[in-house]
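Report on the following structure.
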Amino acid sequence: MAPKNRSCPNLFPSRLSYDDEGKATNIKLLSLGRPHMRSFHLAWLGFFAAFTAWFALNPLLKKTIGPDLGLTEKQVAMSDIANVASTVVFRILVGPLVDKLGPRRVMSLVLALGCIPLGLVGLVSSATGLIVIRLFIGLLGSTFVACQYWTTTMFSRNVVGSANAIAGGWGNMGGGATYLLMPQVMNGFLSAGLSKHDAWRVSLVVPVAICLLVSAMCYFLGDDKVNPRSLPTHIDSKPSESTLAPEATGIPKQAEDTAIIPVEPKDTGLATSASNIPVYKIMMTALSNHNVPLLMMQYACCFGVELAVDSVLSKYFINHFKLDQTIAGYLASIFGMMNLFSRASGGFLSDWAAGKWGMKGRLRVQSLGFLCSAACLLGFSFAPSLSTSVISLVLFSYFVQAGCGSTFGIVPFVIPHIMGAVSGLVGAGGNIGGAIFNAVFTVYVDDLNTAFRIMGCVVFVCGAVLNFFVRIHGESVITLWKRG
7 MAPKNRSCPN LFPSRLSYDD EGKATNIKLL SLGRPHMRSF HLAWLGFFAA
57 FTAWFALNPL LKKTIGPDLG LTEKQVAMSD IANVASTVVF RILVGPLVDK
107 LGPRRVMSLV LALGCIPLGL VGLVSSATGL IVIRLFIGLL GSTFVACQYW
157 TTTMFSRNVV GSANAIAGGW GNMGGGATYL LMPQVMNGFL SAGLSKHDAW
207 RVSLVVPVAI CLLVSAMCYF LGDDKVNPRS LPTHIDSKPS ESTLAPEATG
257 IPKQAEDTAI IPVEPKDTGL ATSASNIPVY KIMMTALSNH NVPLLMMQYA
307 CCFGVELAVD SVLSKYFINH FKLDQTIAGY LASIFGMMNL FSRASGGFLS
357 DWAAGKWGMK GRLRVQSLGF LCSAACLLGF SFAPSLSTSV ISLVLFSYFV
407 QAGCGSTFGI VPFVIPHIMG AVSGLVGAGG NIGGAIFNAV FTVYVDDLNT
457 AFRIMGCVVF VCGAVLNFFV RIHGESVITL WKRG
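Mind the numbering: the sequence shown is residues 7 to 490 in the numbering used here, read in order.
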């Protein structure tokens, strides 16, 4: 009989429990204990630092950096596209790398390397230079793959959707934090007597320092793997993911034997079957599963939307409602800061629905989420005033971000033994979507409301409709409506 599931799991238990592979079967949010909870917190913190640095230029582009470098609106938009498009390549490369090296090393390495181009932005003097340097800053976005892999290796399947969603959502809050942080940092340097020309350049030292600090923390304080023999003996032991009832995992009974590929030896923490396979074969195996391209398109319609909106939201408020840079930044930060709970709720709902209906339940949550996202995006595009615009922003940000959480409640079940590659490809799909939607914003740079309407229509078709073609271990939305 499946364990009891709830839409919002208890995040403050008295102690952790784990399965026979050493993975945690619950989440103790206020704990920093090794390896599970410390790795969990380092995973989201690493992605948070990376996201803050990745979008550190955006709050300052419209009013400060653009005029200082003599950029046109379209040149600024092209740099936004470069910032998210390059991450497609980096995420695809990082996926197999995480399978081979582990998430701790990859997270630390990417944070350290991503600081280099960000620190060099101060030397830029032209539009071409800015576009090129932002291509390399896009490396920071690939930390998402390490973040999701890290939490998946630490938590059992009954809570993996929730763990992935909380870590991913809190990491995504960096997109809101940077809108709060960067204008204030720059204002501080202006108050200290620096000119605008120098102040925005010196301000970038702050996100660089944050990334370097977190990089060191991940490397020296984190754990790549779980060693069951080192766990405290008082912690409750529960059946592993391979012995849990199928309703708790989202994998039907008839698929369990082929869907679950155990890690051998157990104490490696990595899929050794993947560690010896050439990268190109891993990627071809992932892409040959029809669910992977479909999930890539769906993630393009949630995380891709999030990336594109993060890029233009401040400019939208400045142009549409004539706000100054600081106030526009405060309002734009709402979108990113909603990740405090919105993405996590998508994971909670996915796990809860899996407990009731298996994988069919996860796909049902996915479909309903995309329908609501499309409706709220269209509503935002027709908002007549600042107040209604902000209300619409809160609604569509919730559903878009919850969709990110529900997507990665599905990803770990597609091809478990090459989960890093699948996560990398699906994550890259989000960046492809971000680049496409940024291109739409570039075409409609003088009419962003039309761009939001186009985005809403695409989310409906590629998100909600295509979800009916996702079929994992014999389960789909169609089987849900027919049988459950």
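All residues carry an ideal CB built from backbone N, CA and C; glycine is no exception.
Residue range of the beta strand (DSSP E) that Ser23 falls in? Taking the first residue of the sequence shown as position 1, residue 23 is located at position 17. Run containing Ser23: Ser23 to Asp25, per the beta strand (DSSP E) assignment.
Exposed unless 16 or more other CB atoms sit within 10 angstroms - verdict on Ala173: Along the sequence shown, read from residue 1 onward, the residue named residue 173 stands at position 167. The residue in question, Ala173, is buried, as its Cβ has 16 or more Cβ neighbours within 10 Å.
Who are the Cβ neighbours of Leu3 in its own chain at under 6 Å, not counting the five residues just before and after it? Since the first residue of the chain shown is 7 and the last is 490, residue 3 is not available in this structure.
Measure the alpha-carbon distance for Ile416 versus Tyr336 and round it to whole angstroms. On the sequence shown, residue 416 is found 410 positions in, with the first residue counted as 1. On the sequence shown, residue 336 is found 330 positions in, with the first residue counted as 1. When rounded, the distance between both Cα atoms is 33 Å.
Using a threshold of 7 Å, state whether the C-beta atoms of Ile98 and Ala441 are closer than that. Position 92 of the sequence shown, counted from the start, is the residue given in the question as residue 98. Position 435 of the sequence shown, counted from the start, is the residue given in the question as residue 441. The answer is no: Cβ separation not under 7 Å.
Please give me, in chain order, every unbroken run of the alpha helix (DSSP H) with length at least 4 that falls completely inside the segment 56-123. Counting whole runs of 4 or more residues, the segment 56-123 contains the alpha helix (DSSP H) stretches 72-75 and 79-107.
Would you give the residue range spanned by the alpha helix (DSSP H) that Leu374 belongs to? Start at 1 with the first residue of the sequence shown, and residue 374 comes out as number 368. Where Leu374 is concerned, the enclosing alpha helix (DSSP H) starts and stops at Met365 to Ser387.
Counting only the same chain and skipping the five closest in sequence on each side, list residues whose C-beta sits under 7 Å from that of Phe61. Walking along the sequence shown from the start, residue 61 turns up at place 55. Cβ within range, chain order: Gly181, Thr184 and Asp316.
Where Ala30 sits in the DSSP three-state scheme: Here residue 30 is taken as the residue at index 24 of the sequence shown, counted from 1. Strand at Ala30.
Span of the alpha helix (DSSP H) around Cys307: The sequence position of residue 307 within the sequence shown is 301, counting from 1. No alpha helix (DSSP H) holds Cys307; DSSP gives it neither H nor E.
Can you tell which of Val298, Met160 and Gly480 has its C-alpha closest to the C-alpha of Gly436? Translated into positions along the sequence shown, residue 436 becomes position 430. Out of Val298, Met160 and Gly480, the CA that lies nearest to the CA of Gly436 is found in Val298.
Nearest to Gly28 by CA position, among Phe419, Pro41 and Asp105, is which residue? Start at 1 with the first residue of the sequence shown, and residue 28 comes out as number 22. Minimum Cα distance to Gly28 is reached at Pro41.
Tell whether a beta-carbon distance below 7 Å holds between Pro102 and Ala389. Taking the first residue of the sequence shown as 1, we reach residue 102 at position 96. Taking the first residue of the sequence shown as 1, we reach residue 389 at position 383. No; because the gap between Cβ atoms is not below 7 Å, this pair is not in contact.
Would you tell me roughly how many angstroms separate the C-alpha atoms of Ala445 and Leu454, rounded to the nearest one? Locating residue 445 in the sequence shown gives position 439, counting from the first residue. Locating residue 454 in the sequence shown gives position 448, counting from the first residue. Going from the Cα of Ala445 to the Cα of Leu454 covers about 12 Å.
Beta bridge counterpart(s) of Phe161 as assigned by DSSP: Along the sequence shown, read from residue 1 onward, the residue named residue 161 stands at position 155. Note: Phe161 sits in a beta bridge opposite Ala30.
Helix, strand or coil at Ile283 according to DSSP, with G and I counted as helix: The count along the sequence shown starts at 1 and reaches residue 283 at position 277. Look at Ile283 here: in three-state DSSP terms it is coil, with no helix or strand label.
Going by other Cβ atoms of all chains shown within 10 Å of its Cβ, with 16 needed for buried, is Pro109 buried or exposed? As a position in the sequence shown, residue 109 is number 103, starting the count at 1. With 16 or more other Cβ atoms within 10 Å, it is buried.
Rounded to whole angstroms, what's the CA-CA distance from Phe195 to Ser148? Just pull it up for me. Within the sequence shown, the letter at position 189 stands for residue 195. Within the sequence shown, the letter at position 142 stands for residue 148. Taken atom to atom, the span from the alpha-carbon of Phe195 to that of Ser148 is near 31 Å.
Stretch pair the segment 450-468 + the segment 380-394: three plus CB contacts closer than 8 Å: As far as the Cβ criterion goes, the segment 450-468 touches the segment 380-394, which means the pair count is three or higher.
Selected residue, minimal CA-CA separation from Ser391, among Leu346, Ser114 and Phe323: For this step, residue 391 is matched to residue 385 along the sequence shown. When the alpha-carbon of Ser391 is set against those of Leu346, Ser114 and Phe323, the nearest one is in Phe323.
C-alpha gap between Leu22 and Val208, whole angstroms: Position 16 of the sequence shown holds residue 22. Position 202 of the sequence shown holds residue 208. Going by the C-alpha atoms only, they are around 44 Å apart.
Best match in Lys34, Asp25, Ala30 and Asp26 for proximity to Pro19 [C-alpha to C-alpha]: Position 13 of the sequence shown, counted from the first residue, corresponds to residue 19. The shortest Cα separation from Pro19 among Lys34, Asp25, Ala30 and Asp26 belongs to Lys34.
Tyr404, buried or exposed, once every other Cβ within 10 Å from all chains shown has been counted against 16: In the sequence shown, residue 404 corresponds to position 398, counting from 1. Taking all protein chains in view, the Cβ of Tyr404 is crowded by 16 or more other Cβ atoms within 10 Å, so the residue is classified as buried.
Output needed for Gly367: all residues of its chain with C-beta closer than 6 Å, excluding positions within five of it in sequence on either side, in chain order. Numbered from 1 along the sequence shown, position 361 holds the residue referred to as residue 367. Contacts found: Ala359 and Ala360.
What is the residue span of the alpha helix (DSSP H) that Ser339 lies within? In the sequence shown, counting from the first residue as 1, residue 339 sits at position 333. From DSSP, the alpha helix (DSSP H) with Ser339 extends over Gln331 to Met343.
So Cys308 and Val432 are supposed to be a Cβ contact under 8 Å. How far apart are they, rounded? Residue 308 sits at position 302 when you count from the first residue of the sequence shown. Residue 432 sits at position 426 when you count from the first residue of the sequence shown. Contact between Cys308 and Val432 is ruled out by a C-beta separation of about 11 Å, above the 8 Å threshold.
Given that a residue counts as buried once 16 or more other Cβ atoms are within 10 Å of its Cβ, and exposed if not, what is Val471? Along the sequence shown, read from residue 1 onward, the residue named residue 471 stands at position 465. Its Cβ having fewer than 16 others within 10 Å, Val471 is exposed.
Can you give the Cα-Cα distance for Ala133 and Phe341, rounded to whole angstroms? Here residue 133 is taken as the residue at index 127 of the sequence shown, counted from 1. Here residue 341 is taken as the residue at index 335 of the sequence shown, counted from 1. Cα to Cα, the separation comes out at about 28 Å.
With 16 other Cβ atoms within 10 Å as the buried cut-off, status of Leu300: For the purposes of this step, residue 300 is taken as residue 294 along the sequence shown, with counting starting at 1. The residue in question, Leu300, is buried, as its Cβ has 16 or more Cβ neighbours within 10 Å.
Take Met425 as the anchor and find which of Phe347, Ile288 and Thr394 has the nearest alpha-carbon. Locating residue 425 in the sequence shown gives position 419, where the first residue counts as 1. The residue with the shortest Cα to Cα distance from Met425 is Ile288.
Once DSSP output is grouped into helix, strand and coil, what is the label at Pro19? If you number the sequence shown from 1, residue 19 lands on position 13. Pro19 carries a coil assignment under DSSP once its states are collapsed to helix, strand and coil.
Would Lys69 be called buried (16 or more neighbouring beta carbons within 10 Å of its own) or exposed? Counted from its first residue, the sequence shown places residue 69 at position 63. Counting every other CB atom within 10 Å of its CB across the protein chains shown gives Lys69 a total of 16 or more, marking it as buried.
With a cut-off of 8 Å, do at least 3 Cβ pairs link the segment 139-158 to the segment 106-124? Taking 8 Å as the limit for Cβ pairs, the verdict is that the segment 106-124 does touch the segment 139-158.
By Cβ distance below 7 Å, which residues in the same chain neighbour Cys217 in space, the five residues on each side in sequence not counted? Along the sequence shown, read from residue 1 onward, the residue named residue 217 stands at position 211. Excluding its 5 nearest sequence neighbours in each direction, Cys217 has C-beta neighbours in its own chain below 7 Å: Ala55, Ala56, Ala59, Leu117, Gly120 and Cys121, listed in chain order.
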